[in-house]
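Report on the structure given below.
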Amino acid sequence: MKRRIFIVCAAIVVIAAGVWILVNPGQRFGISTQAFTTYNRLSLPMVDLQVRGDGAMRLVSKSHKVDAEQLDSLTQVQVLTLRTGEALKKFNSLREQGVRVAIHVHSTC
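Counting from 0, one number per residue, gives the positions in the sequence shown under numbering that gives the first Met the number 0.
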């Protein structure tokens, strides 16, 4: 009986991990809602973050103001200001097209 429970629990974990990997692709944004962002399969609750054009990610201090110093590390030529959901879709779309793209995400608004 204990062995059966272990096998069922292990199967549930494997299935859940597989689903997580499918809906949260590597080097892209996955499940993201108010105050919860997933990038590169990593869940990041209540944080602001930047992803540079080379894919490197870093956490940044939470603020509604983004200054030139914060954007310098992104080395971005064109700057778009979009609502978070739209920005994540645009980022993923451009990344899938092979475009070198960077993003600054403020996840709680």
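Beta carbons: idealized from backbone N, C-alpha and C, even for Gly.
DSSP, reduced to helix, strand and coil, places isoleucine 4 within a helical segment of the structure shown. When Cβ pairs closer than 8 Å are counted between the two stretches, the region 101-108 is seen to touch the region 82-89, the count reaching three or more. In this structure, the alpha-carbon of isoleucine 30 lies about 32 Å from that of arginine 3. In chain order, Arg40 place their CB closer than 7 Å to the CB of isoleucine 20, counting only its own chain and leaving out the 5 sequence neighbours on each side. Boundaries of the alpha helix (DSSP H) around serine 92: 83-95. Around the CB of aspartate 53, fewer than 16 other CB atoms lie within 10 Å, so the residue is classed as exposed. Remark: C-beta atoms of phenylalanine 5 and asparagine 91 do not approach each other more closely than 8 Å. Of the candidates Leu58, Val59 and Arg99, Arg99 places its Cα closest to the Cα of valine 78. In the three-state reduction of the DSSP assignment, leucine 41 falls in the strand class.
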